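Below is one structure; the comments refer to it alone.
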Amino acid sequence: MSASGLPPDLLAMMERGVSVIAGSRDADMRPSIMRALGSHVEDAGRKVTIFVSRRQSRQLVQDIAATGYVAVVFSEPSSHRTVQVKARRAVLRNAEAADEPVLARYLASMEHEIQQVGFAPHMTRAMLAHKIEDLVAISFEPEVAFDQTPGPKAGTRLFGSSA
Amino acid sequence: MNTTELGDIRPCLEGAIPAVMATCAADGMPNVAYISQVYYVDEQHVALSFQFFNKTRQNILANPRATVLVIHPQTAAFYRLHIRYLRTETEGPLFEGMKAQLAGIASHTGMQGVFRLLGSDVYEVELIEALEGEPLPGPPPRSGMLTAVRRCSERLARCASLDEALNSVLATLSDFMGVRHAMVLMLDSAAQRLYTVASCGYATSGVGSEVGMGQGVIGVAAREKTPVRITHMTTAYLYSQAMRSSFEANVPDIEVVTEIPYPGLAEPHSQLAVPVLSAGRLLGVLFVESPNDLEFGFEDEDMLVAMAGHLGAAIDLMHASTEAPETDSHARPAIRPEPVEVPRRQSQTERAIHLRHFSANDSVFLDDAYLIKGVAGAILWKLLKDFVRHGRTEFSNRELRLDTSIRLPDVTDNLEARLVLLRRRLAEHGPHLRIEKTGRGRFRLVVLRPVVLDETP
Chain D
0 MSASGLPPDL LAMMERGVSV IAGSRDADMR PSIMRALGSH VEDAGRKVTI
50 FVSRRQSRQL VQDIAATGYV AVVFSEPSSH RTVQVKARRA VLRNAEAADE
100 PVLARYLASM EHEIQQVGFA PHMTRAMLAH KIEDLVAISF EPEVAFDQTP
150 GPKAGTRLFG SSA
Chain F
0 MNTTELGDIR PCLEGAIPAV MATCAADGMP NVAYISQVYY VDEQHVALSF
50 QFFNKTRQNI LANPRATVLV IHPQTAAFYR LHIRYLRTET EGPLFEGMKA
100 QLAGIASHTG MQGVFRLLGS DVYEVELIEA LEGEPLPGPP PRSGMLTAVR
150 RCSERLARCA SLDEALNSVL ATLSDFMGVR HAMVLMLDSA AQRLYTVASC
200 GYATSGVGSE VGMGQGVIGV AAREKTPVRI THMTTAYLYS QAMRSSFEAN
250 VPDIEVVTEI PYPGLAEPHS QLAVPVLSAG RLLGVLFVES PNDLEFGFED
300 EDMLVAMAGH LGAAIDLMHA STEAPETDSH ARPAIRPEPV EVPRRQSQTE
350 RAIHLRHFSA NDSVFLDDAY LIKGVAGAIL WKLLKDFVRH GRTEFSNREL
400 RLDTSIRLPD VTDNLEARLV LLRRRLAEHG PHLRIEKTGR GRFRLVVLRP
450 VVLDETP
């Protein structure tokens, strides 16, 4: 286990940059969802930042701003290895020029990942296309994590007790 | 916000790129999960595969609202579906259609044995959002699909016999849809099995080969009266070489030899079977397959369903017209029979054809080679006996229907299809014994060599 409680292989996968999907919900418990266009995992998994497009994710951004609740899935397309982390105190900020190297590294990793499952890089670039001024950075410390790789171990709690 | 209809985003529902779904627990914690299948039910409903008792499952039972994100596999455009859980189906057409598709998806993604369909969760689609983005240009719309349906309809409308109708459908598939391997199977309602009456693109025609209800994509399509489509090779639906017909169990000695090999591809990668229905009744199955992955999309399915509908109506109309009681016994047949020129030159030098009938299952062997069995076998035996005893060569469907020795299951059984099967099996065995159509509901037995009949109880 790493310091954050994530198994080292899953932490390494999250750090490298794989598919990232974020969800939240509004006061009426209506769920919201969007694919992140970048991710940055720091401090051995204790700090996670994901980037979403505001114009694609108005409800999600609004829900996280209002409730702080977020659920984020990291998944490696070629192996289906999947981990979900959740938190109740996510914070938002606008992305800025300083985030661009992180986003570029993420795109490069994703081009490679998606190519493994048979899609050319131009598909990945279209999927992750964005303008930096449209991006919102969502940061949180995971409170709980689950292994969600399809199979008998799916849903196993990796650490945390809430949710 | 754009208004997008479910029909507009069907390419996103083909399973090429997995969808993701957000739900919310009773305690307010959201959950995100990959879902292998978002299945188009109709314009207002989708069904998601229920494969595991997981957090998503708990959440939707507690709070039926869910949001699904899908992506177009060619343009990378995103769409968000706001859906509400209604119910779970664990059997029936929707379940079986999804189960077959899931088997293909599982195989494609290396998840065989992991993905097992426990139920089809049906959701009402409340809203579809087309998200802003920078999508790639879409593929050009497929042209010619409607033209192909038109050609099929035109060809079928001109057909005066089931033989022609079957050939028309196979020709349309080959001429306009690029289909290389296809079969039409008809239902034997008494035996609850399907028998091949026409095929194209196989090393052997396989006419007369049988598939049980529920067996492979053909049998599932028949049993559930629903299209079944597999876009990737999967072992789950392959036909084994050792298909045994249960109704022959009482005659084990000839069971093996009366097995006409199923002609299908040994390693199909895409398969599509659609039921041929008329007035809600199953008549048979139209089946196409390909050695390539992803050969048949939802448009091909739509197209084949339309063709199967035309074929079903045509079969039923022909069935009705060939079975109608003749009000005028002197009515001329639609096609005037040629002057009977049956060369019954029983010359000593010409080798006789030996035919043996096993009454246990009405199987008939021609010169020791298995020819046919069941209803078609009984028909052939009656024709041959009438020929040998009375020299008769002209027959009508109606008299076969009334002949108790043939044991036709009931009036809904398609006698014409049995005759097509018999005619084609005879044609594959050489030119000396044939059946020729002479008019609507009328045909002629052509015997070009002496025949010797041998009855085995």
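Respectively, the protein sequence lines represent chains D and F. Residue 0 is where the first sequence starts when you use numbering that gives the first Met the number 0, and the numbers rise one by one after that. Residue 0 is where the second sequence starts when you use numbering that gives the first Met the number 0, and the numbers rise one by one after that. Just so it is clear, CB atoms sit at the ideal spot from N, CA and C, and this is done for glycine as well. This one's a predicted model, so the numbers in the text were calculated from it and none came from an experiment.
Using the Cα positions of residue i and residue j, report the straight-line distance between them to the nearest angstrom.
i	j	result
Arg228 of chain F	Gln214 of chain F	14 Å
Val210 of chain F	Lys384 of chain F	30 Å
Pro151 of chain D	His79 of chain D	13 Å
Ala146 of chain D	Met97 of chain F	First, the residue type needs correcting, since residue 146 of chain D is Asp and not Ala in the sequence shown. One C-alpha to the other measures close to 26 Å.
Leu85 of chain F	Pro29 of chain F	20 Å
Gly308 of chain F	Asn291 of chain F	26 Å
Gln240 of chain F	Glu300 of chain F	Because Gln240 of chain F carries a pLDDT of 41, less than 50, the predicted location of this residue cannot be relied on, and the following value inherits that uncertainty. One C-alpha to the other measures close to 27 Å.
Arg243 of chain F	Cys11 of chain F	Confidence at Arg243 of chain F is low in this model, with a pLDDT of 38, below 50, so its placement is unreliable and the value that follows should be read with caution. The straight-line gap from Cα to Cα measures roughly 40 Å.
Glu393 of chain F	Val216 of chain F	40 Å
Ile405 of chain F	Val374 of chain F	6 Å
Pro408 of chain F	Ser362 of chain F	17 Å
Arg156 of chain D	Ala86 of chain D	14 Å
Ile113 of chain D	Leu36 of chain D	14 Å
Glu95 of chain D	Gly16 of chain D	19 Å
Leu134 of chain D	Ala97 of chain D	12 Å
Thr66 of chain D	Lys130 of chain D	26 Å
Glu288 of chain F	Val446 of chain F	37 Å
Tyr68 of chain D	Arg29 of chain D	12 Å
Ile334 of chain F	Glu435 of chain F	Confidence is the limiting factor: at Ile334 of chain F the pLDDT is only 49, short of 50, which leaves the residue's position unreliable, though a coordinate-based value still follows. Computed Cα separation, rounded: 11 Å.
Ala368 of chain F	Gly154 of chain D	60 Å
Val40 of chain F	Ala220 of chain F	16 Å
Leu310 of chain F	Arg141 of chain F	23 Å
Ser35 of chain F	Ala272 of chain F	22 Å
Glu90 of chain F	Thr403 of chain F	39 Å
Arg400 of chain F	Met182 of chain F	27 Å
Is the shortest distance between the beta-carbon of residue i and the beta-carbons of chain F less than 7 Å?
i	result
Arg29 of chain D	yes
Ala125 of chain D	yes
Asp60 of chain D	The residue asked about is misnamed: residue 60 of chain D is Val in this sequence, not Asp. It does not; no Cβ of chain F falls within 7 Å.
Tyr105 of chain D	no
Ile32 of chain D	yes
Met122 of chain D	yes
Gly22 of chain D	yes
Gly154 of chain D	yes
Gln55 of chain D	yes
Ala128 of chain D	yes
Does any residue of chain D bring its CB to less than 7 Å from the CB of residue i?
i	result
Pro10 of chain F	no
Pro29 of chain F	yes
Arg64 of chain F	yes
Val19 of chain F	yes
Thr171 of chain F	no
Glu294 of chain F	no
Pro226 of chain F	no
Cys23 of chain F	yes
Leu117 of chain F	no
Leu382 of chain F	no
Leu68 of chain F	yes
Per DSSP, residue i is paired with what?
i	result
Ser404 of chain F	Per DSSP, none; premise fails for Ser404 of chain F.
Glu209 of chain F	F:Tyr194
Pro30 of chain D	D:Arg24
Asp366 of chain F	Asp366 of chain F is not bridged to any residue.
Answer yes or no: the CB of residue i versus the heavy atoms of the ligand ATP, is any distance below 6 Å?
i	result
Gly96 of chain F	Absence of the ligand ATP from the depicted structure is noted, as is the absence of any ligand whatsoever, leaving it without description.
* Asked: How do the stretch 372 to 382 of chain F and the stretch 407 to 418 of chain F stand: do at least 3 beta-carbon pairs fall below 8 Å, yes or no?
  -> Touching, yes, given that three or more Cβ pairs across the two stretches are closer than 8 Å.
* Interfacial residues, the stretch 73 to 106 of chain F to chain D, with Cβ spacing under 9 Å -> Listed by position along the chain: Gln73, Thr74, Ala75, Ala76, Phe77, Arg79 and His81.
* Determine contact between the stretch 7 to 25 of chain F and the stretch 35 to 52 of chain D, defined as no fewer than three beta-carbon pairs at a distance below 8 Å. => Not touching, per the Cβ criterion.
* Asked: Using 8 Å as the Cβ pair cut-off and three pairs as the minimum, do the stretch 50 to 61 of chain F and the stretch 0 to 10 of chain F touch?
  -> Put simply, the stretch 50 to 61 of chain F does not touch the stretch 0 to 10 of chain F. Fewer than three CB pairs are less than 8 Å apart.
* Asked: Are the stretch 48 to 66 of chain D and the stretch 130 to 142 of chain F touching, with three or more C-beta to C-beta distances below 8 Å?
  -> Touching, yes.
* contact_flag[the stretch 423 to 439 of chain F, the stretch 171 to 184 of chain F] where n(CB pairs < 8 Å) is 3 or more -> These segments do not touch.
* Just checking, does the stretch 192 to 206 of chain F make contact with the stretch 256 to 268 of chain F on the three C-beta pairs under 8 Å criterion? -> With the cut-off at 8 Å, the stretch 192 to 206 of chain F and the stretch 256 to 268 of chain F touch.
* Asked: Looking at C-beta atoms only, is the number of pairs between the stretch 65 to 81 of chain F and the stretch 123 to 130 of chain D that lie closer than 8 Å three or more?
  -> Cβ pair count under 8 Å is three or more, so yes.
* Identify each residue in the stretch 33 to 58 of chain F for which the Cβ-Cβ distance to at least one residue of chain D is less than 7 Å, and report them in chain order. => Against chain D - using a Cβ distance shorter than 7 Å - the residues of the stretch 33 to 58 of chain F are Tyr33, Phe51, Asn53 and Lys54.
* Asked: Per the contact definition of three or more C-beta pairs closer than 8 Å, is the stretch 87 to 101 of chain F in contact with the stretch 115 to 124 of chain F?
  -> Yes, they touch.
* So does the stretch 271 to 289 of chain F actually touch the stretch 142 to 150 of chain F, counting three or more Cβ pairs closer than 8 Å? -> Counting Cβ pairs under 8 Å, fewer than three are found: no touch.
* To do: Quick one: which residues of the stretch 65 to 79 of chain D get their C-beta closer than 8 Å to a C-beta of chain F? List them in chain order.
  => The stretch 65 to 79 of chain D vs chain F, Cβ under 8 Å: Thr66, Tyr68, Val69, Ala70, Val71, Val72, Ser74 and His79.
* Listed in chain order, which residues of the stretch 130 to 149 of chain F have Cβ atoms closer than 9 Å to some Cβ of chain D? -> Going along the stretch 130 to 149 of chain F in chain order, one finds Leu130, Glu131, Gly132, Glu133, Pro134 and Leu135 with a Cβ nearer than 9 Å to chain D.
* Which of the residues in the stretch 34 to 49 of chain D, read from start to end, lie with their CB under 7 Å from any CB of chain F? -> Cβ contacts with chain F: Arg34.
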